[in-house]
Amino acid sequence: MFAAGPGLNVCHSPNLLVFTDAIQAAIEQLDLLGAVERKEDQLVLTPLGRKMAAFPLEPKFSKTILLSPKFHCTEEILTIVSLLSVDSVLYNPPARRDEVQSVRKKFISSEGDHLTLLNVYRAFKNVSGNKEWCKENFVNGRNMMLVSDVRAQLRDICVKLSMPMESSRSDTANIRRCLAHSLFMNAAELQPDGTYSTVNSHQLVAIHPSSVLFHCKPSCVVYNGLLHTNKCYMRDLCVVDADWLYDAAPDYFRRKLRAAKN
Numbered sequence: 001m002f003a004a005g006p007g008l009n010v011c012h013s014p015n016l017l018v019f020t021d022a023i024q025a026a027i028e029q030l031d032l033l034g035a036v037e038r039k040e041d042q043l044v045l046t047p048l049g050r051k052m053a054a055f056p057l058e059p060k061f062s063k064t065i066l067l068s069p070k071f072h073c074t075e076e077i078l079t080i081v082s083l084l085s086v087d088s089v090l091y092n093p094p095a096r097r098d099e100v101q102s103v104r105k106k107f108i109s110s111e112g113d114h115l116t117l118l119n120v121y122r123a124f125k126n127v128s129g130n131k132e133w134c135k136e137n138f139v140n141g142r143n144m145m146l147v148s149d150v151r152a153q154l155r156d157i158c159v160k161l162s163m164p165m166e167s168s169r170s171d172t173a174n175i176r177r178c179l180a181h182s183l184f185m186n187a188a189e190l191q192p193d194g195t196y197s198t199v200n201s202h203q204l205v206a207i208h209p210s211s212v213l214f215h216c217k218p219s220c221v222v223y224n225g226l227l228h229t230n231k232c233y234m235r236d237l238c239v240v241d242a243d244w245l246y247d248a249a250p251d252y253f254r255r256k257l258r259a260a261k262n
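Numbering (full-length UniProt numbering), first residue to last: 1 to 262.
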C-alpha cells in the first residue's frame, strides 16, 4: 500500500481520485468475470482467475477464450481474439473508398465485425497470405502475420491448460453466444427512438461508421470498447440475443433492471 508523506493531502488529488476510480472499475470487472473473490477481507484470484492470468490479454478476452469450449468454438475465438489484439488488419485509402467497399462485400457478415474479421482471416489463410491478394483486398499482410503469431501463442497456452480445441465450423451462433457471455458488461440495446443505450450505465451510444453494422439497427449488440469524439461510438460490434446476456449473468442483469425501475 502507498502511504501519504508529510504534508501530502491525497484527498484533494484529482489524479489519485481518477486512479482510484480506475482501480475500482477494474476490480468490479474482474468480479463480474468471476476472476476474483473476497476471502477474509482480502481479494484473491479464483481458480478461473488463475487460468485467466495465464493469457497475456485483457481479462474479458481471457474469459472469452476460457468459455469457448462450452460453445465448441475455441478455434474461431482464438482467431477473433488475436485479430482484436493487434493493429487493424484492414486499411482504407480514402481516395479508393468505393473500390474498398466493393472488394470487402464478400467478407461482410450481417452478424457483425467479429465475424467479418474472421472471414477475412480465413480467406487470408486460404491463399497462404499471398501478397497480391492482400493488395487487392486492402489487407495489411504484415499485421495478419502478427495475428497468426499471436494466435499460435494463445493456442499453446490453451493446450497447456488441457482445453479441447474444437471448431464451430459454420455455426456462427455459438461464436456469438460465447462473445455475449464474456462481453455482457459491454452490451447495448436499441431504443424506441432508434438510438442505442448501454445496459450497464444507460449511456447514449452510437454504432461507429467503420462497423459493418453502421447501416443496420440490430436490437441488441455487444461491443469491444467505446470511442469518445463528438459522439460516444461503439467499436467492434457483434449481434447477440438479449436472452444470451441474461443467461450469462442473471444476477447482474436483475440488479440493472431494479436500478432502472427505481
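In this text, a Cβ means the ideal position worked out from N, Cα and C, and glycines have one as well. As the structure is a prediction and not an experimental result, all values here were calculated from the model.
Rounded to the nearest angstrom, how far is the Cβ of residue i from that of residue j, given a contact under 8 angstroms?
i: V59; j: L30; result: According to the sequence shown, residue 59 is Pro rather than Val. About 6 angstroms; that satisfies the 8 angstroms criterion.
i: N197; j: A188; result: Correcting the residue identity first, residue 197 is Ser in this sequence and not Asn. Going by Cβ atoms, the distance from S197 to A188 rounds to 6 angstroms, so yes, they are a contact pair.
i: G141; j: K131; result: 6 angstroms
i: E40; j: S167; result: No, E40 and S167 are not in contact; Cβ-Cβ is about 43 angstroms, not under 8 angstroms.
i: L183; j: V205; result: Not really, about 14 angstroms apart at Cβ, beyond 8 angstroms.
i: T74; j: P164; result: 7 angstroms
i: S109; j: V212; result: 7 angstroms
i: E99; j: T172; result: Actually they do not touch by this definition, with Cβ atoms about 27 angstroms apart.
i: C238; j: R176; result: 6 angstroms
i: L32; j: L48; result: With 8 angstroms as the limit, L32 and L48 do not qualify as a contact, their Cβ atoms being about 12 angstroms apart.
Assign residue i to one of two classes, buried (16 or more other C-beta atoms within 10 Å of its C-beta) or exposed (fewer than that).
i: H215; result: exposed
i: I23; result: exposed
i: E28; result: exposed
i: M234; result: buried
i: K63; result: buried
i: D193; result: exposed
i: H228; result: exposed
i: V221; result: buried
i: V127; result: exposed
i: V81; result: buried
Please confirm whether residue i and residue j have their CB atoms less than 8 angstroms apart.
i: V103; j: V147; result: no
i: L43; j: A35; result: no
i: L190; j: P218; result: yes
i: L84; j: N174; result: no
i: A53; j: I157; result: no
i: V89; j: V139; result: yes
i: A248; j: A152; result: no
i: D236; j: D113; result: yes
i: K256; j: V199; result: yes
Tell me whether residue i sits in a helix, a strand or coil according to DSSP, three-state version.
i: Q101; result: helix
i: D236; result: strand
i: R169; result: coil
i: I207; result: strand
i: V36; result: strand
i: N143; result: helix
i: V222; result: strand
i: V44; result: strand
i: L90; result: strand
i: A180; result: helix
i: A188; result: strand
Taking the straight line between their C-alpha atoms, what separation do you get for residue i and residue j?
i: F253; j: M185; result: 9 angstroms
i: F107; j: L117; result: 8 angstroms
i: C178; j: N230; result: 32 angstroms
i: M162; j: L154; result: Correcting the residue type first, residue 162 is Ser in the shown sequence and not Met. If I take the Cα positions, the gap works out to 13 angstroms.
i: E37; j: C134; result: 46 angstroms
i: C232; j: K51; result: 33 angstroms
i: M145; j: N119; result: 16 angstroms
i: Y121; j: Q203; result: 33 angstroms
i: D241; j: P250; result: 14 angstroms
i: L93; j: Q101; result: Residue 93 is actually Pro in this sequence, not Leu. Rounded to whole angstroms, P93 to Q101 spans 11 angstroms at the Cα level.
i: V10; j: I207; result: Confidence at V10 is low in this model, with a pLDDT of 38, below 50, so the placement of that residue should be treated as unreliable; the coordinate-derived value is given next. About 39 angstroms.
i: L115; j: F71; result: 15 angstroms
Any heavy atom of the ligand GDP closer than 7 angstroms to the Cβ of residue i?
i: Y252; result: As far as ligands go, the structure on display features none, and thus does not contain the ligand GDP.
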